[in-house]
């Protein structure tokens, strides 16, 4: 439904889909901040648990009743659960994030 | 919802656990040696999951308000994708109720990213 790439400060780099330009820009900022919070959580979990393999975190998935947000690195997409395979979406995001 | 022993049968699952919305670890199973996942690591993972569930709820509510799109709430699953491992969290239907009849128990599984089948795991954890 929408996909965008953001820079390391959350600024929108490029975005496409069913959102308005303002909403796409917001999506990039929100995802950037979520990712930063996630980084802190992963760092602390690794530090306190001694378990390797959590940090640096790659991304997140937020799955609602019908729609989801999926993010890997600096790329985030908004998907319809019924139309998208999570495996395919995450694989594609991994590839796109490397560009 | 599937029980922990059933979840452990899924391909690529390293561990499965149950916890409260406050992050208290209730039960857990693990398929890997304790030098990879020590039992005390599960305690911290439960808190990581609880924190991320509420972050996800914040995002879902905010995003619903901003876009007027009604597919994000209620949040049903959250996944934290780490470098080598991911943890997929499932929320029961009663989670987030202002006055729950019983204490909601959340389930989570730890997957190795290299061999994970996220789609199967989300299906198994779907209420």
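Protein chains in written order, with the numbering used here: chain A, 273 to 371; chain B, 93 to 219. For every residue, glycine included, the Cβ atom is placed at its ideal position computed from N, Cα and C. Computed from a predicted model, the values in this text were never measured in an experiment.
Cβ neighbour criterion (16 or more within 10 Å) applied to residue i
| i | result |
| --- | --- |
| residue 357 of chain A | exposed |
| residue 195 of chain B | exposed |
| residue 201 of chain B | buried |
| residue 157 of chain B | exposed |
| residue 321 of chain A | buried |
| residue 317 of chain A | buried |
| residue 117 of chain B | buried |
Inter-residue Cα distance where the pair is residue i and residue j
| i | j | result |
| --- | --- | --- |
| residue 424 of chain A | residue 315 of chain A | The structure shown does not extend to residue 424 of chain A, since chain A is modelled only from 273 to 371, so the question has no answer here. |
| residue 334 of chain A | residue 149 of chain B | 9 angstroms |
| residue 273 of chain A | residue 210 of chain B | 20 angstroms |
| residue 353 of chain A | residue 306 of chain A | 21 angstroms |
| residue 143 of chain B | residue 179 of chain B | 13 angstroms |
| residue 313 of chain A | residue 350 of chain A | 23 angstroms |
| residue 293 of chain A | residue 141 of chain B | 32 angstroms |
| residue 214 of chain A | residue 138 of chain B | Because chain A here runs from 273 to 371, residue 214 of chain A falls outside it and cannot be looked at. |
| residue 123 of chain B | residue 152 of chain B | 33 angstroms |
| residue 220 of chain B | residue 185 of chain B | Absent from the structure is residue 220 of chain B, since the part of chain B shown begins at 93 and ends at 219. |
Sequence-distant residues of the same chain with beta carbon closer than 7 angstroms to residue i, five excluded per side
| i | result |
| --- | --- |
| residue 276 of chain A | 284, 286, 287, 296, 299, 300 and 348 |
| residue 125 of chain B | none |
Residues that residue i bridges to, as DSSP identifies them
| i | result |
| --- | --- |
| residue 287 of chain A | A:276 |
| residue 119 of chain B | B:110 |
| residue 369 of chain A | According to DSSP, which records beta bridges pairwise, residue 369 of chain A is partnered with nothing at all. |
| residue 309 of chain A | Answer is none; residue 309 of chain A lacks a bridge partner. |
Cβ neighbours of residue i in the same chain (closer than 8 angstroms, five flanking residues each side left out)
| i | result |
| --- | --- |
| residue 177 of chain B | 106, 202, 203, 204 and 205 |
| residue 311 of chain A | 327, 328 and 329 |
| residue 155 of chain B | 161 and 164 |
| residue 96 of chain B | 108, 109, 110, 119, 120, 121 and 199 |
- Complete alpha helix (DSSP H) runs within the segment 134-217 of chain B (minimum length 4 residues, chain order): Those alpha helix (DSSP H) runs which fall completely within the segment 134-217 of chain B and span 4+ residues are 210-216.
- Message: Along the segment 141-168 of chain B, where does the CB come closer than 8 angstroms to a CB of chain D? Name the residues.
- Response: Any reference to chain D falls outside this structure, whose protein chains are A and B.
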